[in-house]
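Residue numbers (my numbering): 4 to 367.
By construction, the Cβ of each residue, glycine as well, lies at the ideal position given by its N, Cα and C atoms.
Pasting the structure below:
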């Protein structure tokens, strides 16, 4: 890795004249792809050139590409400074940058202390100290890490969900690239607070069109038995292609006996030949069985149907009828099939406008 070159002895490297800034710490200096030094699973996801602070993703992290030349004459391909060799050299150079106030260096140093690397013993207290310095200078990833410290009560922090939320929301406001990192933290916070505060966290995010927040907000409303609002947000999340929300809205519609929409989402979720886990398979079997049972009887008069007498509703293909008269009867009843069928059509139109899954919705 660029931050951990092959061990070798080397005289102290002077930092005089070395650039200590990083144009975009959230993007790889080689391929320009955005990445996070610590990903959503809290794993190291890249490296940093200690000489100049350039971030490099794991796919591009090649020592011989980052440092050109041969032997002791190797130099950084970005800032042209001599390659810093060995753990002690890297740690010393990084600390000098951090003490001079470079936010990227303070964040990386905090990261090394948090996870224990490059001959540094793991120390969450030291990690917190350096993260705080970087956060004061507006480093968004450092803010997210501090938020996690206050969430879990580590590094000398007492559990403080308000502080964790403050850091997460500030990081999100500063840098759109850390939305997923901040959102992950905010969703964890929302799981630990009451419904009122959870909604105050999730509503702005959901209204801003973030699918995971919409799914979380739907769950909060469902716990309050506000099923209309829950369905609204589950549906909004699913319509944006959130596959986790697809299963939730399918199960939800089945539980509230909205069978036309159950059938609609069933055809979205389950595709021929797909591999299913145990939970998905159980949901498929139970929902499929309920839909088949529904089609065994006329939706109008309730008489049992055989294959020759079964006439599907052409729009939603959920209910079956023995005659056109029964279909008209079912359609015109108070709270009858008319409103349900029109809702399915509206869903199909939304799918066509918001996702590329319209073909799945029509595969009935």
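Boundaries (first-last residue) of the beta strand (DSSP E) holding residue i
| i | result |
| --- | --- |
| residue 58 | 58-60 |
| residue 49 | 49-51 |
Secondary structure of residue i, DSSP reduced to three states
| i | result |
| --- | --- |
| residue 25 | Confidence is the limiting factor: at residue 25 the pLDDT is only 47, short of 50, which leaves the residue's position unreliable, though a coordinate-based value still follows. Coil at residue 25, not helix or strand. |
| residue 214 | helix |
| residue 237 | helix |
| residue 37 | strand |
| residue 354 | helix |
| residue 230 | helix |
| residue 86 | coil |
| residue 63 | helix |
| residue 54 | coil |
| residue 79 | strand |
| residue 30 | strand |
| residue 347 | helix |
| residue 12 | Model confidence at residue 12 stands at a pLDDT of 34, short of 50, so the residue's coordinates are unreliable; what they give is reported in the following sentence. In the structure shown, residue 12 sits in coil (DSSP, three-state: anything other than H, G, I, E or B). |
| residue 94 | helix |
| residue 219 | helix |
Within 7 Å, strictly: CB atoms of residue i and residue j
| i | j | result |
| --- | --- | --- |
| residue 2 | residue 209 | Here the chain covers residues 4 to 367 and nothing more, so residue 2 does not appear. |
| residue 233 | residue 244 | no |
| residue 137 | residue 106 | yes |
| residue 51 | residue 111 | yes |
| residue 185 | residue 171 | yes |
| residue 305 | residue 322 | no |
| residue 59 | residue 31 | yes |
| residue 150 | residue 188 | yes |
| residue 273 | residue 296 | no |
| residue 134 | residue 113 | yes |
| residue 174 | residue 147 | yes |
| residue 237 | residue 247 | no |
| residue 318 | residue 324 | no |
| residue 63 | residue 81 | no |
| residue 192 | residue 164 | yes |
| residue 266 | residue 294 | yes |
| residue 97 | residue 108 | yes |
| residue 242 | residue 353 | yes |
| residue 72 | residue 61 | no |
| residue 198 | residue 240 | no |
| residue 290 | residue 257 | yes |
| residue 158 | residue 128 | yes |
Unbroken alpha helix (DSSP H) run spanning residue i, endpoints
| i | result |
| --- | --- |
| residue 369 | No information on residue 369 is available, as it lies outside the stretch 4 to 367 that the chain covers here. |
| residue 113 | 106-118 |
| residue 370 | The chain is shown only over 4 to 367; residue 370 falls outside these bounds and no answer can be derived. |
Do the segment 272-288 and the segment 308-320 meet, that is, are 3 or more Cβ pairs less than 8 Å apart? no
Complete runs of the alpha helix (DSSP H) confined to the segment 279-339 [at least 4 residues]: Whole alpha helix (DSSP H) segments, 4+ residues: 281-298, 327-335.
Every unbroken alpha helix (DSSP H) within the segment 120-189, with a cutoff of 4 residues, ordered by chain: 127-139, 143-155, 164-177
Inspect the CB distances between the segment 75-89 and the segment 142-158 and report whether three or more fall short of 8 Å. Between the segment 75-89 and the segment 142-158, the count of Cβ pairs shorter than 8 Å is below three; the stretches do not touch.
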